[in-house]
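Working notes, beginning with the structure itself.
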Amino acid sequence: APSSAPSSAPSLPPYFIKGSIIQLADGELKRVEDLKTEDFIQSAEISSELKIDSSTVERIDGSHTSNFAIVQFSVGEHRAQVSVEVLLEYPFFVFGQGWSSCCPDRTTQLLELPCTKLSVGDVCISLTLKNLR
Amino acid sequence: NVEPRSVPVFPWHSLVPFLAPTQSD
Numbered sequence: 218a219p220s221s222a223p224s225s226a227p228s229l230p231p232y233f234i235k236g237s238i239i240q241l242a243d244g245e246l247k248r249v250e251d252l253k254t255e256d257f258i259q260s261a262e263i264s265s266e267l268k269i270d271s272s273t274v275e276r277i278d279g280s281h282t283s284n285f286a287i288v289q290f291s292v293g294e295h296r297a298q299v300s301v302e303v304l305l306e307y308p309f310f311v312f313g314q315g316w317s318s319c320c321p322d323r324t325t326q327l328l329e330l331p332c333t334k335l336s337v338g339d340v341c342i343s344l345t346l347k348n349l350r
Numbered sequence: 765n766v767e768p769r770s771v772p773v774f775p776w777h778s779l780v781p782f783l784a785p786t787q788s789d
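If you're matching them up, the sequences are chains A and B in order.
So in our numbering, spot 68 of the first sequence is number 285, and the numbers just go up one at a time.
So in our numbering, spot 3 of the second sequence is number 767, and the numbers just go up one at a time.
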């Protein structure tokens with residue numbers, strides 16, 4: 218039978234739910250709500266393939282009617298422009314601040330993840346591939 | 765009988781969006 222389930226209710230990945238266990242690169246286990254900026258930086262330093270990049274929020278276009286937002290970032294030292302479409306409650310990790318989303322009330326309601334409002338100018342943690350020789 | 769539930773463990777990098785800047789050269 219063809220699936221006619223509405224596709225208008227996408228779900229967030231399970232690892233953003235409060236209490237989810239996250240393994241850092243050194244093997245340490247932490248709850249998602251306890252992660253610090255240093256955890257990401259140190260994990261990336263250990264990683265042989267991934268490096269942390271700074272992604273500055275340049276623009277946020279969103280509406281509560283669509284449940285989606287388009288977030289435009291300026292990524293890395295070359296300030297490459299990257300846009301991503303995410304659910305309003307999708308959390309990004311802001312340097313020195315923690316989890317932030319376009320709609321922190323929804324994030325807290327759906328995930329119980331403490332969250333602040335993502336704003337233009339925030340610098341988020343993102344990943345790129347290390348240059349492999 | 766209560767079976768122990770395995771708790772999922774997620775790798776740290778799954779939490780971070782992978783934003784690969786385009787290389788101009």
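Note that CB positions come from ideal geometry on N, CA and C, so glycine has one too.
Against chain A, a Cβ distance below 8 Å from Ser770 of chain B picks out nothing, because the smallest value is about 11 Å.
Per DSSP, the unbroken alpha helix (DSSP H) holding Ile258 of chain A starts and ends at Thr254 to Ile263. In its chain, beyond the 5 residues on either side, Leu229, Phe233, Ile234, Lys235, Glu306 and Pro308 have a beta carbon closer than 8 Å to the beta carbon of Leu328 of chain A. Per the DSSP secondary-structure output, Ile287 of chain A pairs in a beta bridge with A:Asp278 and A:Glu302.
Bounds of any beta strand (DSSP E) do not take in Arg769 of chain B, whose DSSP letter is neither H nor E. For Arg323 of chain A, the enclosing alpha helix (DSSP H) covers residues Pro321 to Leu328. Secondary structure note for Gly236 of chain A: it is in no beta strand (DSSP E), with a DSSP letter that is neither H nor E. For Asp256 of chain A, the closest Cβ of chain B is nearer than 9 Å.
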